[in-house]
Structures are given as C-alpha cells and as structure tokens.
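In mature numbering (1 follows the signal peptide of the UniProt record, and there is no 0), the protein residues as written are -34 to -1, 1 to 326.
Think of the CB as a built atom: it goes at the ideal place given N, C-alpha and C, for glycine as much as any other residue.
Everything numeric in this text was worked out from a predicted model, so none of it was measured.
Here it is as structure tokens:
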C-alpha cells in the first residue's frame, strides 16, 4: 500500500511538471487542501502536488486535539484539520471546569462548536475527559463525600447523555495513578475511595452504551510501576464486569529522553487483556531553538509511535495533542521547549509528518 501511495505522489508531481512546461495538458493536480474551507488566508498553493492525507493512510482513527476558538476563527487551521484528520478531541471544552464552572449551570458553547464541526465534516469525536484531578470546578471542594458522589454521577450522566451516539470514545478517568503505581491523592480518591473508578465507568456506560470507555494516562508507554498499576486495574475491573473498553496512552514525549523501550510490546500486552488501545495525546517536544538534527530525531519518534500502533491490531487510534505548533500547549508548560507538533506555526508539514506520510 505504501509503495502505491509513493507512486501516486510521483505521478502527481510529474503531471504538474508537464502542465507547467508544455502548456498543452489540461490535467491538473488536486489542491493540497481540497476542502470546502480551503484557506483564503493560508497561503497554500492550489497547484501544489497533491499528497494523501494522514487519515487515508490507515484504517485507524487519525485525530488531533482542537480548540473551539481556532475552529471558529482560523480558516487555514480548520482547512488543514479537515483535510488531514478523521477524528477530533476537545482540548479543553469538554473538561468539567469548562462545562460546569458553577454548580448546575452548564456552558455548552465550546463543546457544541466542536460537535457541530464534527457533524458538518464527518469527523468522529473522542470525548476528553469526564473525571480528572485537574480542571474541575472549585465548588467540588466544598462537598461532602455523598454530595461529591452525586455530583460525579450527575456530571457524567448529563455530559454523556447530551452527546449519546455521537461520541465514539470517552476518556472516563484521566491520570488516576502516581508514577510509583499508587492511587493519585485526588479529591475523588480521598472522598470516594477505590470504588469510584468502577462507578464512573458504570455511569458512563449507562448514559451511552454505544461509546467506548477508556482510562487514559501519561508516562505509560513502557513497562513501569504506573503502567503495571493500570494493567492490574483494567484486568481487575474487567473481571468484575465493569465496562472498560480501552486504554489511552498519552505519549507526550521529549527528544531529550530516550524513546520508550518496548513501546509496541507494551501496547500489545494491554490489547491482550481484550481491550482496545489508543495513542491519545501524542507530541514530541524539543529544547529550542529548532535544528535539523532535532527535527530528524523528532521524526524518528513520531514514526516509531505510528508504526507501533499500526503493528498492534487493537490499536485503533493515533491522535496528536494539537497538530500545529501555532496552538501547542508545550511552550506554556515546559520552559524553553516547543516545536512539538507535526506542522509548524505556518501550517507547513514538518519532517515528522513527511516521515509518516510517504506521499508528502
């Protein structure tokens, strides 16, 4: 398949050359971004050689985290997203603090904007995230244990019900373990005890039986205390009949550290539990400034992530945490680091993109 894709790319380039030089042929290559939103302001050359979008390279879901404001306000950003990706994840708009900053008063504007975009363009949606120790509303801190349990159940039920049948997969719980494999000391763990995770999955399943339900975490790409703890939890929950359908691997990587050892075999051991696995938040940051050598190493890391997912039959998704450096979370979180995405700030594909996509 990859050889055929490469041949397709060469044919497109040949046609473009013949058209420009002879002036006799009417055949033209397709625009690089052939979407209804083709960017008025993107500066993309409509006669550039066509490349096969990432979403068409695989049967897996290929996604990006997105911000509702960028979807609404940036035509070029929306065009590339539409062309390249088959799935979207709300970067922040579906987190509890965004949806219900005041108890009982929901703001659906950002989440609905992303859902409207997905419906319009035929994209699947990953819901992120129902319960997390960060970005939850402050009013939770004042609740008793019984009140908090009711609030969690109500939140999960309300949000999942609203998009029932439209959200392909939900990150039900996010980052519930410490690096040493112990339970994170979150408000949910302290007040609700070990059973709260099982309850969260059951409530989400009741609200939408068609959605795939995931546990999601970072620094789990290799065998370590945290990944072992998640493995044991997923195995235990499934033995109890709890509807856990998948494990999400965030894979926020840095070229300052080695690529996770045994990444593919680690994905496979989770798949062997009978669940799907997904790369849910991939990016590969570097210490600035950018150099060709750093970009090449970054490309190696992205390629290894992509290939590992392709090699594991139950790896169903490759999603990046933003696709362009223009909107990356990295510079605001890691001092002196950035350039973590597949596209640069001007929406030009980087070597990492070209390494994944043989038609580029």
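Between residue 56 and residue 94, the gap from beta carbon to beta carbon is short of 8 Å. The count of Cβ pairs closer than 8 Å, one atom from the region 166 to 182 and one from the region 125 to 134, reaches three, so the stretches are in contact. In the same chain as residue 222, and ignoring 5 residues on each side of it, the C-beta atoms closer than 7 Å to its own belong to 253, in chain order. Here the region 110 to 121 does not lie against the region 189 to 199, with fewer than 3 beta-carbon pairs under 8 Å apart. If you look at residue 178, you'll find it in the beta strand (DSSP E) that goes 178 to 183. Around the C-beta of residue 193, 16 or more other C-beta atoms lie within 10 Å, and the residue is accordingly described as buried.
Beta-carbon to beta-carbon, residue 62 and residue 102 are separated by about 5 Å, close enough to satisfy the 8 Å threshold.
Going by DSSP, residue 122 is part of no beta strand (DSSP E) but of the alpha helix (DSSP H) stretching over 111 to 128. If you compare the alpha carbons of 16, 26, 19 and 32 with that of residue 287, the shortest gap goes to 32.
Straight-line spacing of the CA atoms in residue 187 and residue 239 works out to 16 Å.
Excluding sequence positions up to five before and after residue 140, its CB lies within less than 6 Å of the CB of 95, 98 and 182, all in the same chain and listed in chain order. DSSP lists 290 and 315 as the beta-bridge partner residues of residue 309. Taking residue 314 as reference, the option from 25, 159 and 50 with the minimal CA-CA separation is 50. Per DSSP, residue 300 lies in no alpha helix (DSSP H) segment and is marked neither H nor E. In this structure, the CA atom of residue 120 is about 16 Å from the CA atom of residue 136. Scanning its chain for C-beta atoms nearer than 7 Å, with the 5 sequence neighbours on each side dropped, one finds around residue 59 the residues 34, 76, 77 and 80, in chain order.
In summary, residue 311 is exposed, with fewer than 16 beta-carbon neighbours lying within 10 Å of its beta-carbon over all protein chains present.
Close CB contacts of residue 321 within its chain, under the 6 Å cut and outside five residues either way in sequence, are with 265 and 269 (chain order). Cβ-Cβ distances below 6 Å link residue 157 to 111 and 114 in the same chain, with the five nearest sequence neighbours on each side left out; the list follows chain order. Around the beta carbon of residue 302, fewer than 16 other beta carbons sit within 10 angstroms, so the residue counts as exposed. Residue 263 and residue 326 have their C-alpha atoms roughly 18 Å apart. Assignment of residue 99 by DSSP, reduced to helix, strand and coil, places it in the coil class. The secondary-structure analysis by DSSP pairs residue 245 across a beta bridge with 215 and 284.
Rounded to whole angstroms, residue 278 and residue 234 show a C-alpha spacing of 6 Å.
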